[in-house]
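For our numbering, add 93 to where a residue sits in the sequence shown, where the first one is 1. Even glycine gets a Cβ: it sits at the ideal position worked out from N, Cα and C. For clarity, every value in this text was computed on a predicted model and none was experimentally measured. Accompanying notes for the structure given below.
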Amino acid sequence: MSTKSFLADMAITIPVTFVVAAIVTYLYSLIVHGAAAVNWDTAFHLAFIVGIVLPVTRIGERRKDA
Numbered sequence: 094m095s096t097k098s099f100l101a102d103m104a105i106t107i108p109v110t111f112v113v114a115a116i117v118t119y120l121y122s123l124i125v126h127g128a129a130a131v132n133w134d135t136a137f138h139l140a141f142i143v144g145i146v147l148p149v150t151r152i153g154e155r156r157k158d159a
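Take a look at the structure:
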């Protein structure tokens with residue numbers, strides 16, 4: 094896997110994960126606490142962690158299959 098495709102995977106994964114995490118934390122705080130608030134810190138951390146880990150695991154899977 095080239096660096097270009099790795100960065101493309103990251104560029105797709107990070108925003109998608111960020112949006113999903115923001116929605117989930119918003120709904121959780123609304124349902125459980127009754128106050129609508131997004132936990133931005135968790136959304137950022139989760140987005141960058143998942144955005145790096147998923148492309149790395151894809152690289153490992155492709156190398157194992159080859």
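Residue i - DSSP class collapsed to helix/strand/coil
i      : result
Gly144 : helix
Ser122 : helix
Ser98  : helix
Ala129 : coil
Buried or exposed (CB count within 10 angstroms, at least 16 for buried), residue i
i      : result
Leu139 : buried
Ile116 : exposed
Pro108 : exposed
Alpha-carbon spacing of residue i relative to residue j, whole angstroms
i      : j      : result
Val146 : Val125 : 30 angstroms
Tyr121 : Ala104 : 26 angstroms
Lys157 : Arg151 : 10 angstroms
Phe83  : Leu100 : Lying before the first or after the last residue shown, residue 83 is absent from the chain, which here runs from 94 to 159.
Val131 : Asp102 : 25 angstroms
Arg155 : Phe137 : 28 angstroms
Gly127 : Gly153 : 43 angstroms
Cβ-Cβ separation, residue j to residue i (assumed contact under 8 angstroms), whole Å
i      : j      : result
Thr118 : Thr135 : 6 angstroms
Val149 : Thr106 : Going by Cβ atoms, the distance from Val149 to Thr106 rounds to 11 angstroms, so no, they are not a contact pair.
Leu123 : Ala129 : 5 angstroms
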